[in-house]
Each structure stands twice: as C-alpha cells, then as structure tokens.
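> The sequence shown begins at 0 in numbering that gives the first Met the number 0 and counts up one residue at a time.
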Amino acid sequence: MYRKITRLDGRLVGFASSPRPLNGRSIVTPFKADRLKSYRLNRWFGNCTTKHASDAPRTIFSGIQPTGVPHLGNYLGALREWVRLQNSATEETQLIFSIVDLHALTVPQKCHMLRGWRKEMLATLIAVGLDPNRSTIFYQSAVQSHAELYWILCTIASIGYLSRMTQWKSKLQLPDDVTLENPAARSELRLGLFSYPVLQAADILVHRATHVPVGEDQRQHLEFSRNIANTFNHRYGQIFPAPKALISPARRVMSLKEPTVKMSKSHSDPRSRILLTDSSEDIRKKIQVALTDSEEGVTYDPIRRPGVSNLLEILSHFDGRTCEELVSEYQFASLRALKETLTGQVSDNLAPIRERYLQLIANKGGYLDAVSEQGAHAARANAEQTMSHVRNVMGL
Ligand code: TYM
0 MYRKITRLDG RLVGFASSPR PLNGRSIVTP FKADRLKSYR LNRWFGNCTT
50 KHASDAPRTI FSGIQPTGVP HLGNYLGALR EWVRLQNSAT EETQLIFSIV
100 DLHALTVPQK CHMLRGWRKE MLATLIAVGL DPNRSTIFYQ SAVQSHAELY
150 WILCTIASIG YLSRMTQWKS KLQLPDDVTL ENPAARSELR LGLFSYPVLQ
200 AADILVHRAT HVPVGEDQRQ HLEFSRNIAN TFNHRYGQIF PAPKALISPA
250 RRVMSLKEPT VKMSKSHSDP RSRILLTDSS EDIRKKIQVA LTDSEEGVTY
300 DPIRRPGVSN LLEILSHFDG RTCEELVSEY QFASLRALKE TLTGQVSDNL
350 APIRERYLQL IANKGGYLDA VSEQGAHAAR ANAEQTMSHV RNVMGL
C-alpha cells in the first residue's frame, strides 16, 4: 500500500510506503513514467525495512585506484574475487565496479599520467575477466552523484572517527597513534586525504551496495561506511543498506622485497611487486630475488619467516592447497625449488591476462572508451535513483 505524496502546489511527486516504518519516517519513491523501474525500487527499499533484508537482491560494488596495471596483491585480494562473484552471480544480482579516479587525486598526480593509468586499469579489468555486458565498469569522476553524496555524508561524518583512521597516517608516514595535534599532521594533512573514507562510503552507498569485495586493508573503511549508513538512516529514514565486506581469502599479499609490508605500487623497489602484465622473464627475475632467509628447508611461519611464508601463501592461492599441505610436499626441498614452482604457477596464470591486455590496449577502435561510456551511463542511472531519495528525505 502506498500513499500519494504531493508538493505544496498539489503536484504528485511520489508514493510513501504505508504503514509508516517504526522510526516515523516514510520511504518516498519518486513518481516516474517508467513504472517498472519504480516498482523495482519500491521492492528494494521495502525489503530494506523488513527483517528479511538478506532476501533482497544483492548489489556488489567495489573500487580500485587507477595506478596503471595492477599488481598481484590487487589481483588476488580483489580482482580475481570480482570475476568469481560475477561468474557465479544470480541474474538479479547487480555488479558494479569503479575505477576511482577522484580518490587518486588525494595525492598529487600528473594529468597525462593519470589519464593513461585510468585506461590501463580499465583494460586490465576486462583482461582479468570482467564482462562489460554483465558488470557495470566506470570511471568514478564520470558519475557526479558520488561527489554529491560525499558532500551530504560530510555533514554527518565525525571528525573524531576520521582522525582515528589509519590511512591518512600511513600516507603521510606518521605512526598509527598520531593525533591531529601533531605538528606534521597539521601542516601536511589535506582535507581530501582526511575525508577519503567519506568519499569511499559515498561510492558504496550511492549504489545501495549490499556486498563489497575487498582485501583486508579496506576493512576499516568498510566499517566506517556501515557506521555512516546507520547514522544517516537513523536520522533520515531507512535509505541505505549496511554494506558487508567480503574479504578475499588472499587477505594481504606481501611485498617480495619487504615481506612485512603489503605489496603495493608505492614501494620504491619495482621488484617488490609482480604486475599482471609482467612477462614470464620479469616474473622469474622478481621471484628469484624475493627476500627470504638463510634457514634451510620450507616451513610456514609468517612471524619468524615472513618471506618464505609469503611465497607459500601466493603459491597456495594459485595451487588451491593450503600452506600446510604445500609444506608437507616441499619441506625437504630447497627455497630455489619452491621459487621455481611458484614462478611456473604465476607465469601460467598471468599469461592469458597479459595477452588479452596487450590486445585491448593496442585496439585503436575506441572499444575501451565505449565500455567506459556504457558503464558511466548505467552507473549514473543507478546512482540517480538513490540520490532522488536522498534529496527528498533531506528536503532538497
Ligand atoms: P586500492 O586501489 O588500494 O586496492 C584495490 C583492491 O586491492 C586490494 N589490495 C590488496 N589485497 C591483498 N593484498 C594486497 N597487497 C593488496 N593491495 C591492494 C585492496 O584491498 C582493494 O580491495 N580505497 C580503495 C578503493 C576504493 C574502494 C571504494 C574500494 C574507493 N572506493 C569503494 C571498495 C569500495 C583502495 O584504495 O583500493
């Protein structure tokens, strides 16, 4: 049952669900010519207010920064899971993936480099197996609602909560327990970097995501997103689902040169990471010089032997066996033999990705531009559905 909602001038602007939800606020669905769209939306928002929210169709959303070709950590920690989720999704599951170029601006960027990196990332997402006809893939900056919702969420985000988060500290190379009183923090910290988690929450919430597949390093941001969704819903009515983090089994792939820190693009030594487009020869060289230790034999002990354990973990993500099972096979083998097996596995798994990537990047027919346009179009329409609700409940 829906009640009509009219403006002061009597014009019909939408319907409110009836009876009113417990918090006293109505869920208003904008009146659209397209009744089917409107019905789907009612069904979705209706479900959110019931205790059977888990029965609602899933919306899977995730994002990645445009850092050019991603590394093995991005692949195992996120991209491979995105493809698995896509390939096993039911028909009504929505899959939305964004190349988050606005986030990239929180550190200084060179214009022509960023433009190239966005395209390389798009080519890689398709090369790993995302299908643009099944998954929506788009550049964040092409969908302005992300920035609009970011501003709205800024009005409820707590500075205290943001100041306890770790990312701005690690980007400024400050210790985790530093506060905003710290002189280096006061002079170096920019508002964009400090409020980065708010934009990330907007990315997720503007698409009404229910599930967000990420690596372990994003857990804190996901908790913040849930928190801000709940705060907003408490104040304005049940608009956003509380998104769940889907943490990949490859929670944290470590650097090959410094195995106590995660593999990342910001490490000064390029041999610390394997890129998805590295040739077999590049992969062999990088694994050969990966930092291990002088102990003989292969054992799994991430605290005492982080280097060897990291190699075992990477192997296990490709091979499918647990680290313990691998140890029982390799315990008497040399580290060299372990590295050779790993080189073979990584090369074999990445070779088809590299091949597809090279074809895509060489294509001058505008295929990648067409994919990003199609994705932006679909993402804009989806985000706009949320924003019309948000504006409505906020009196805009
Ligand atoms: P980003 O671009 O740093 O990383 C993209 C994804 O890769 C995962 N990842 C790793 N997983 C395992 N081991 C590693 N060494 C490793 N390095 C990276 C990350 O966990 C992530 O899933 N803030 C995000 C981007 C973002 C986002 C979002 C993500 C913006 N908005 C909304 C999800 C939802 C980031 O910087 O990811």
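Think of the CB as a built atom: it goes at the ideal place given N, C-alpha and C, for glycine as much as any other residue.
Everything numeric in this text was worked out from a predicted model, so none of it was measured.
#1: Just mark I291 as buried or exposed, buried being the case when its beta carbon has 16 or more other beta carbons within 10 Å.
#2: For the beta strand (DSSP E) containing I98, list its first residue and its last residue.
#3: Return the CA-CA distance between M262 and A375, expressed in angstroms with no decimal places.
#4: With DSSP as the reference, label I155 as helix, strand or coil.
#5: Just to confirm my understanding: we take Q139, look at its own chain, exclude 5 residues before and 5 after, and list those with CB closer than 8 Å. What are they?
#6: Using 10 angstroms around the beta-carbon of I302, count the other beta-carbons present and answer buried if the total reaches 16, otherwise exposed.
#7: How many Å lie between Y299 and S267 at the Cα?
#8: What's the call for H206, buried or exposed, on a 16-neighbour Cβ count within 10 Å?
#9: Apart from the five residues just before and just after A332, which ones in its own chain have a Cβ nearer than 7 Å to its Cβ?
#10: Since L192 and V389 should fall inside the 8 Å C-beta cutoff, what is the C-beta to C-beta distance between them, to a whole number of angstroms?
#11: So, using beta-carbon positions, are L78 and L124 closer together than 8 Å?
#12: Please report how far the alpha carbon of V392 lies from the alpha carbon of I136, in whole angstroms.
#13: Which runs of the beta strand (DSSP E) fall wholly inside the region 200-232 and span at least 3 residues, in chain order?
#14: Is it true that the region 357-375 meets the region 80-93, where meeting means three or more beta-carbon pairs spaced less than 8 Å apart?
#15: So, does the region 124-134 touch the region 350-361, judging by three or more C-beta pairs under 8 Å?
#16: Can you tell me whether DSSP reads G76 as helix, strand or coil?
#17: By alpha-carbon positions, which one of H210, Q172, I95 ends up nearest to P240?
#18: Suppose the cutoff is 6 Å on Cβ atoms and the five residues either side in sequence are ignored; what does the same chain contact list for L171 look like?
Quick answer:
#1: According to the sequence provided, residue 291 is Thr. The question's Ile does not apply to it. T291 should be labelled buried.
#2: 93-98
#3: 30 Å
#4: coil
#5: G62, S97, I98, V99, D100, L101, H102, H145, D202
#6: exposed
#7: Rounded to whole angstroms, Y299 to S267 spans 27 Å at the Cα level.
#8: buried
#9: V297
#10: Rounded, the Cβ-Cβ distance is 25 Å, inconsistent with contact.
#11: L78 is a Cβ neighbour of L124, given a cutoff of 8 Å.
#12: Each residue's alpha carbon lies about 29 Å from the other.
#13: 210-213
#14: no
#15: yes
#16: helix
#17: H210
#18: A distance below 6 Å between beta-carbons, with the five flanking residues on each side excluded, links L171 to the following residues of its chain, in chain order: E187.
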